[in-house]
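Peer 1:
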Amino acid sequence: MSELLHAAGRIRIVLVGTQHPGNIGSAARAIKTMGLQRLVLVAPERFPHADAVAMAAGAGDVLDAAPQAQTLAEAVADCRLVLGCTARSRRIALEELLPREAGARAVATAAQGTQVALVFGRERTGLDNDELQLCHAAVTIPADPAYSSLNLAAAVQVLCYELRLAMLGLQDLAPATGAGAAPAQAGDLPASHAELEGFFAQLGDTLDAIDFHKGRAPESAMRKLRRIFMRSRLDDRDVRLLRGVLADAQRMARLASGGHD
Ligand code: SAH
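So the sequence shown is numbered by our numbering: it starts at 3 and just counts up by one.
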């Protein structure tokens, strides 16, 4: 988890051409409440400004540390992932992400040591097409299509919250059980610890039987395989299917080594 929280230092929130200084202050506050620190301002219309300080409240440090750039290109020059937040999907060939996907991708990328930027446009006109062309993907908060444009700082808050969930590893929590939760199907229950351990034990035996390790210590491969399967959140039906595959592999290995089925 701490590795993911470290990602915060490599993620910057870039505000392009902001018109209302109060929004810059509110964005700084949104950033700081979600454990992030880095705000970059591209050609703000009025800044520094008392309204920014007032709206930042306890996040004046984020405001004070915010560098200014002349252009978006300059602000993201060292970034290898740039996500542009836009209320409308434009007719440009850009992958479109939901905020949750954007949060996960941004944090995963930053956790690998890469600089990441989330870019927000002007209150009146958003990001122009040239600016969106600098982005690897567009992020749209799925607001009411009849009125889809959030206040700039509110949009920053939504995205920073998603970054926060991703940094805490919480973004793909299963829906809570209890009132209002969808009834769980028996087959959808995540596999129990015991079921998973039974599967891993059989996987280990199978790898031995097919001579997968070829003299290497089995621990490292098993650790990586465990990680893959733990990530996939197997349910009990998945485990039964996988164990069926392993049983057949074990049977074939026995046949191949001259044993009897
Ligand atoms: N009239 C502008 C709205 C700009 S709102 C337009 O149509 O583009 C200011 C900024 O807030 C936007 O540039 C965008 O970065 C962000 N924003 C507002 N609503 C959003 C939404 N639904 N999804 C993603 N970003 C949004």
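Backbone N, C-alpha and C define an ideal beta-carbon position, used for all residues, glycine too.
Tell me the rounded alpha-carbon separation between Asp-238 and Ala-196.
Peer 2: If you take the alpha carbons of Asp-238 and Ala-196, they lie about 11 angstroms apart.
Peer 1: If the criterion is Cβ atoms closer than 8 angstroms, does the pair Val-16 and Leu-74 meet it?
Peer 2: In this structure, Leu-74 lies closer than 8 angstroms to Val-16 by Cβ.
Peer 1: With a threshold of 6 angstroms on Cβ separation, who are the neighbours of Arg-31 within its own chain once the five nearest residues in sequence on each side are excluded?
Peer 2: Contacts found: Ala-58, Ala-59, Ala-61.
Peer 1: Taking 7 angstroms as the cut-off, is the beta-carbon of Phe-122 closer than that to any non-hydrogen atom of ligand 1?
Peer 2: Indeed, a heavy atom of ligand 1 lies less than 7 angstroms from the Cβ.
Peer 1: Any heavy atom of ligand 1 closer than 7 angstroms to the beta-carbon of Arg-102?
Peer 2: Because no heavy atom of ligand 1 lies under 7 angstroms away, the Cβ of Arg-102 does not count as near it: no.
Peer 1: State the start and end residues of the unbroken alpha helix (DSSP H) segment that holds Ala-10.
Peer 2: Run containing Ala-10: none; DSSP gives neither H nor E here.
Peer 1: Starting from Arg-40, trace the beta strand (DSSP E) in both directions and tell me its first and last residue.
Peer 2: Counting along the chain, the beta strand (DSSP E) containing Arg-40 begins and ends at 40–44.
Peer 1: In this structure, how does DSSP classify Leu-120 when only helix, strand and coil are distinguished?
Peer 2: Of the three classes helix, strand and coil, the one that applies to Leu-120 here is strand, per DSSP.
Peer 1: Who are the Cβ neighbours of Ala-80 in its own chain at under 6 angstroms, not counting the five residues just before and after it?
Peer 2: In the sequence as presented, Ala is not what sits at residue 80; that position holds Asp. Excluding positions up to five away in sequence, the list reads Gln-117.
Peer 1: Near Ala-104, what residues of its chain come up, given a Cβ to Cβ distance below 6 angstroms and the 5 sequence neighbours on each side ignored?
Peer 2: Result list for Ala-104: Leu-85, Val-141, in chain order.
Peer 1: What is the DSSP secondary structure of Ala-251, counted as helix, strand or coil?
Peer 2: Helix, per DSSP.
Peer 1: Would Asp-53 pass as a contact of Gly-24 if the rule is Cβ separation under 8 angstroms?
Peer 2: Contact flag set, yes.
Peer 1: Across which residues does DSSP place Cys-87 in a beta bridge pair?
Peer 2: Its beta-bridge partners are Phe-122, Val-141.
Peer 1: Taking Leu-6 as the reference, give the member of Glu-125, Val-160, Leu-165 with the closest Cα.
Peer 2: Nearest C-alpha to Leu-6: Leu-165.
Peer 1: So, Ala-112 versus Ala-9, is the Cβ gap smaller than 8 angstroms?
Peer 2: A contact, by the Cβ cut-off of 8 angstroms.
Peer 1: Under 8 angstroms, do Val-121 and Ala-168 count as touching if we go by C-beta distance?
Peer 2: Cβ distance not < 8 angstroms, so Val-121 and Ala-168 don't count as in contact.
Peer 1: Use the C-beta contact count for Ile-13: other C-beta atoms within 10 angstroms, 16 or more gives buried, fewer gives exposed.
Peer 2: That one is buried.
Peer 1: Among Arg-256, Lys-34, His-22, which has the Cα closest to the Cα of Pro-50?
Peer 2: When only C-alpha atoms are compared, the closest one is His-22.
Peer 1: On the three-state DSSP scale, how would you describe Pro-101?
Peer 2: Pro-101: helix per DSSP, three-state reduction.
Peer 1: Starting from Met-232, trace the alpha helix (DSSP H) in both directions and tell me its first and last residue.
Peer 2: Element bounds for Met-232: 220–233.
Peer 1: Buried or exposed for Arg-124, please, with buried defined as at least 16 other CB atoms from any protein chain shown within 10 angstroms of its CB.
Peer 2: That one is buried.
Peer 1: Does ligand 1 have a heavy atom nearer than 7 angstroms to the CB of Arg-126?
Peer 2: Yes.
Peer 1: In whole angstroms, what is the alpha-carbon distance linking Lys-226 and Arg-233?
Peer 2: In a straight line, the C-alpha of Lys-226 is about 11 angstroms away from that of Arg-233.
Peer 1: Tell me which same chain residues have a C-beta within less than 8 angstroms of the C-beta of Ala-45, skipping the five on either side of it?
Peer 2: Same-chain partners within the cutoff: Val-18, Gly-19, Gln-70, Ala-71, Gln-72, Thr-73.
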